[in-house]
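A.B. asks: Handing you a structure now.
Protein chains in written order, with the working numbering: chain B, 1 to 148; chain D, 1001 to 1148; chain A, 2001 to 2148; chain H, 3001 to 3148.
Written out as structure tokens, the structure is:
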């Protein structure tokens, strides 16, 4: 059972990162995790005409974050503890599609596997595993929560 | 013996990333690796008043890259193959200082260990290991370049 | 198209590691990768009655290796370049089941994702990504090759 | 300030792993971490005459573990949460020497950087970063122990 669906996630991500142009669009959020589209921008390019490592790393981190808050809700301020990424193929200048799979959601940590594909040919371009630390108590109370 | 010292590296990084505001300043480049300063910008902040994961990941990748080209020179187009980062402490909104240590420079790969410190208290805030793929032949020959 | 099926892989692994009791049994080998069973031994236990980290790491490395040689054949001497593993749940003292998925098989490297399950409850207990270096030329000639 | 020095650590490791021949010898334990020697055994070899990946991974995990218990003492049952290792050079059949450096010891986690050298030529053969989960309360109370 998810705490936040695609629309809620899109609103949440846009509000959480106001200073950064975040035009990612969450297209799926279910018990397994999330899927989102990451549009191409010229600023993502690096010498050689491929997308930069930081572009892919930022996407991987964002997808992992979206997967976690989709499951536990936005009240919890969760931070990345660890991230690892393998760059498999040089992605062409095109939109990216990424999936986040929740491998584990424990008391203290969530572990997420992320796959990043190029929409140009649907090839897997990067693969990432990350760990998010879960705080013990809610830190951002939901405004519309009616306490029983 | 390094192929590029601090001044050359600063020029090279500025030229390699023209679309991105890269105000990093290389302060050391020797046989062990490099050191650079990464100034604070408001865009680096994330909810909670700490520096974002992508900020630290981009810094780690840049330091690793600078370490490699400092050793092998700018003629080789090298790309990140793998990057892993541990976030140890939430860095306050201040400049960062990072060191890149070349653990291995082989025929095919270079492996780099990166340490990121906050200049606020000189505490270690993140730790990263990355692998860069080295192409077999130079891609931008120096001899052919006509200097403006 | 695989170069080695389950029976060939079992024979190959037994021959490759004669000094170590390797009673792993490959049950699947196809285009995606392999699956194998890793029987429980008392020597795998660590304080607390759970399976040790080295047990799981050895299994992850073996599965990755089996995935690679299943695809490229036994003529190539391939070595682990990098391995990362997340321990998700403490596995009870029972047989393990593991899958290896080939994310990429390039000219120089293969990248493999491994999932380890406990057969006690079919729960995912560990998750690993590894990179194997592929040498450029065959190093172990096949018996039926006519030497020039 | 360390909770366990080299002699205590050697006794502790021998007692913790009775079923495994652990002839590692801790030679240093201080505020930074530990150092230990890992003797060569024929069982560590893999095809090609080099030490196997699992040998190095087991050593990395043991050094990380020793670093943690040296700092927090043996009362806490700590388990590996994550381990990553880069294999830099093929180690010859000789003793290994390893250092564990505590990057962070927090409330929930400890992060350790491990360097493994071959005593044949003092070259760095592998590099590992691992994370150990620290339980909130002691599991083996010292007070109940009858001191000899």
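All residues carry an ideal CB built from backbone N, CA and C; glycine is no exception.
Buried or exposed: where does residue 1100/D fall if 16 or more other Cβ atoms within 10 Å of its Cβ makes it buried?
C.D. replies: Working through the second chain from its first residue, we reach residue 1100/D at position 100. Answer is buried; the Cβ neighbour count reaches 16.
A.B. asks: On the three-state DSSP scale, how would you describe residue 3068/H?
C.D. replies: On the fourth chain, residue 3068/H is found 68 positions in, with the first residue counted as 1. Residue state, collapsed to three classes: helix.
A.B. asks: Using a beta-carbon distance cut-off of less than 9 angstroms, what residues from the region 89–107 of chain B approach chain E?
C.D. replies: Absent here is chain E; the protein component of the structure consists of chains B, D, A and H.
A.B. asks: Contact criterion: CB-CB distance below 8 angstroms. Does residue 1084/D meet it with respect to chain A?
C.D. replies: Position 84 of the second chain, counted from the start, is the residue given in the question as residue 1084/D. Yes, contact with chain A.
A.B. asks: Cβ of residue 54/B within 8 angstroms of Cβ of residue 1054/D?
C.D. replies: As a first step, residue 54/B is located in the first chain; it is residue number 54 there, counting from the start. As a first step, residue 1054/D is located in the second chain; it is residue number 54 there, counting from the start. By the CB criterion at 8 angstroms, residue 54/B and residue 1054/D fall inside the cutoff.
A.B. asks: On the three-state DSSP scale, how would you describe residue 1002/D?
C.D. replies: For the purposes of this step, residue 1002/D is taken as residue 2 along the second chain, with counting starting at 1. In the structure shown, residue 1002/D sits in coil (DSSP, three-state: anything other than H, G, I, E or B).
A.B. asks: Quick one, which of 95/B, 124/B, 135/B has its alpha-carbon nearest residue 38/B's?
C.D. replies: The residue given as residue 38/B occupies position 38 in the first chain. Ranking 95/B, 124/B, 135/B by Cα distance to residue 38/B puts 95/B first.
A.B. asks: Below 9 angstroms on C-beta distance, what does residue 2124/A contact in chain B?
C.D. replies: Translated into the one-based positions of the third chain, residue 2124/A becomes position 124. Ordered by position in chain B, the residues that pass the 9 angstroms Cβ test against residue 2124/A are 103, 104.
A.B. asks: Spell out whether any CB of chain A is found under 8 angstroms from the CB atom of residue 1131/D.
C.D. replies: As a working mapping, residue 1131/D is identified with position 131 in the second chain. Interface residue (Cβ-Cβ distance to chain A less than 8 angstroms): residue 1131/D is classified as such.
A.B. asks: For residue 1048/D, return the contacting residues in chain B, with the cut-off set at a CB-CB distance below 8 angstroms.
C.D. replies: The residue you call residue 1048/D lines up with position 48 of the second chain. Result: 77, 79.
A.B. asks: Taking just the CA atoms, how far does residue 2010/A sit from residue 2066/A?
C.D. replies: Start at 1 with the first residue of the third chain, and residue 2066/A comes out as number 66. Start at 1 with the first residue of the third chain, and residue 2010/A comes out as number 10. Between residue 2066/A and residue 2010/A, the C-alpha separation is close to 9 angstroms.
A.B. asks: Would you mind working out which of 3072/H, 3088/H, 3108/H, 3135/H sits nearest residue 1107/D, comparing C-alpha positions?
C.D. replies: Position 107 of the second chain holds residue 1107/D. Measuring from the Cα of residue 1107/D, the nearest candidate turns out to be 3088/H.
A.B. asks: Give the DSSP bridge partners of residue 2105/A, in chain order.
C.D. replies: Mapped onto the third chain, residue 2105/A falls at position 105. Looking at the DSSP output, residue 2105/A shares a beta bridge with 2110/A.
A.B. asks: What residue range is occupied by the uninterrupted beta strand (DSSP E) comprising residue 1128/D?
C.D. replies: For this step, residue 1128/D is matched to residue 128 along the second chain. That run of the beta strand (DSSP E) goes 1124–1133.
A.B. asks: Can you tell me whether residue 1017/D is helix, strand or coil according to DSSP?
C.D. replies: Locating residue 1017/D in the second chain gives position 17, where the first residue counts as 1. Note: residue 1017/D maps to coil in three-state DSSP.
A.B. asks: With 7 angstroms as the C-beta to C-beta threshold (strictly closer), list the residues of the region 3047–3071 of chain H near chain A in chain order.
C.D. replies: Hits within the stretch, in order: 3047, 3048, 3053, 3054, 3057, 3058, 3061.
A.B. asks: Within 10 angstroms of the Cβ of residue 15/B, are there 16 or more other Cβ atoms? Answer buried if so, exposed if not.
C.D. replies: As a working note, residue 15/B is residue 15 in the first chain. By the 10 Å Cβ count, residue 15/B comes out exposed.
A.B. asks: Is there a Cβ of chain D sitting closer than 8 angstroms to that of residue 3127/H, yes or no?
C.D. replies: On the fourth chain, position 127 is the one that residue 3127/H refers to. For residue 3127/H, the answer is yes, since a Cβ of chain D falls inside 8 angstroms of its Cβ.
A.B. asks: With 16 other CB atoms within 10 Å as the buried threshold, where does residue 3042/H fall?
C.D. replies: Against the fourth chain, residue 3042/H aligns to sequence position 42. Answer is exposed; the Cβ neighbour count stays below 16.
A.B. asks: To the nearest angstrom, how far is it from the Cα of residue 3130/H to the Cα of residue 1104/D?
C.D. replies: What you label residue 3130/H is simply residue 130 of the fourth chain in a count that begins at 1. What you label residue 1104/D is simply residue 104 of the second chain in a count that begins at 1. Distance between the alpha carbons of residue 3130/H and residue 1104/D is about 20 angstroms.
A.B. asks: Using DSSP bridges, identify the partner residues of residue 1100/D.
C.D. replies: By one-based count along the second chain, residue 1100/D stands at place 100. 1034/D, 1114/D, per the DSSP bridge assignment.
A.B. asks: Nearest chain H C-beta to residue 12/B closer than 8 angstroms, yes or no?
C.D. replies: For this step, residue 12/B is matched to residue 12 along the first chain. It does not: the Cβ of residue 12/B has no partner Cβ on chain H nearer than 8 angstroms.
A.B. asks: Can the beta-carbon of residue 70/B be found less than 8 angstroms from the beta-carbon of residue 114/B?
C.D. replies: Residue numbering aside, residue 70/B sits at position 70 when the first chain is read from its first letter. Residue numbering aside, residue 114/B sits at position 114 when the first chain is read from its first letter. No; because the gap between Cβ atoms is not below 8 angstroms, this pair is not in contact.
A.B. asks: Suppose you measure from the CA of residue 2119/A to the CA of residue 3136/H; what does that come to, to the nearest Å?
C.D. replies: Within the third chain, numbered from 1, the residue matching residue 2119/A stands at position 119. Within the fourth chain, numbered from 1, the residue matching residue 3136/H stands at position 136. Using only the alpha carbons, I get a separation of about 30 angstroms.
A.B. asks: Does residue 1123/D pass the burial test, meaning 16 or more other C-beta atoms within 10 Å, or should it be called exposed?
C.D. replies: As a working mapping, residue 1123/D is identified with position 123 in the second chain. Residue 1123/D should be labelled exposed.
A.B. asks: Just checking my contact of residue 3091/H with residue 3050/H at CB under 8 angstroms: how many whole Å lie between their CB atoms?
C.D. replies: The count along the fourth chain starts at 1 and reaches residue 3091/H at position 91. The count along the fourth chain starts at 1 and reaches residue 3050/H at position 50. That belief holds up - the Cβ atoms of residue 3091/H and residue 3050/H are roughly 6 angstroms apart, short of 8 angstroms.
A.B. asks: In the DSSP output, which residue or residues are listed as bridge partners for residue 3012/H?
C.D. replies: Start at 1 with the first residue of the fourth chain, and residue 3012/H comes out as number 12. The partner list for residue 3012/H (beta bridge, DSSP) is empty, contrary to what the question assumes.
A.B. asks: When you check each C-beta in the region 2023–2042 of chain A against every C-beta of chain H, which residues fall closer than 7 angstroms?
C.D. replies: 2042
A.B. asks: Would you decide whether residue 1004/D is buried or exposed? Buried here means 16 or more other CB atoms lie within 10 Å of its CB.
C.D. replies: Mapped onto the second chain, residue 1004/D falls at position 4. So residue 1004/D counts as buried.
A.B. asks: DSSP three-state call for residue 3060/H: helix, strand or coil?
C.D. replies: Residue 3060/H sits at position 60 when you count from the first residue of the fourth chain. Helix.
A.B. asks: Less than 8 angstroms separating the beta-carbons of residue 3132/H and residue 3078/H?
C.D. replies: As a working mapping, residue 3132/H is identified with position 132 in the fourth chain. As a working mapping, residue 3078/H is identified with position 78 in the fourth chain. In this structure, residue 3078/H lies closer than 8 angstroms to residue 3132/H by Cβ.
A.B. asks: From what residue to what residue does the beta strand (DSSP E) around residue 2087/A run?
C.D. replies: Here residue 2087/A refers to the residue found at position 87 of the third chain. First-last of the beta strand (DSSP E) with residue 2087/A: 2079–2087.
A.B. asks: Within the same chain, show all residues whose beta-carbon is closer than 8 angstroms to that of residue 1032/D, passing over the 5 residues directly before and after it, in chain order.
C.D. replies: In the second chain, the residue the question calls residue 1032/D occupies position 32. Close CB contacts of residue 1032/D within its chain, under the 8 angstroms cut and outside five residues either way in sequence, are with 1101, 1102 (chain order).
A.B. asks: Which same chain residues, not among the five before or five after residue 2036/A, have their C-beta less than 7 angstroms away from its C-beta?
C.D. replies: Looking up residue 2036/A in the third chain gives position 36. So the list reads 2024, 2025, 2026, 2027, 2063, 2066, 2098, once near-sequence residues are dropped.
A.B. asks: With H, G and I counted as helix, E and B as strand and the rest as coil, what does DSSP make of residue 2050/A?
C.D. replies: Counting from 1 along the third chain, the entry for residue 2050/A is found at position 50. DSSP places residue 2050/A in strand when its eight states are reduced to three.
A.B. asks: So is residue 2003/A in contact with chain H if we call contact Cβ pairs under 8 angstroms?
C.D. replies: Against the third chain, residue 2003/A aligns to sequence position 3. Not an interface residue.
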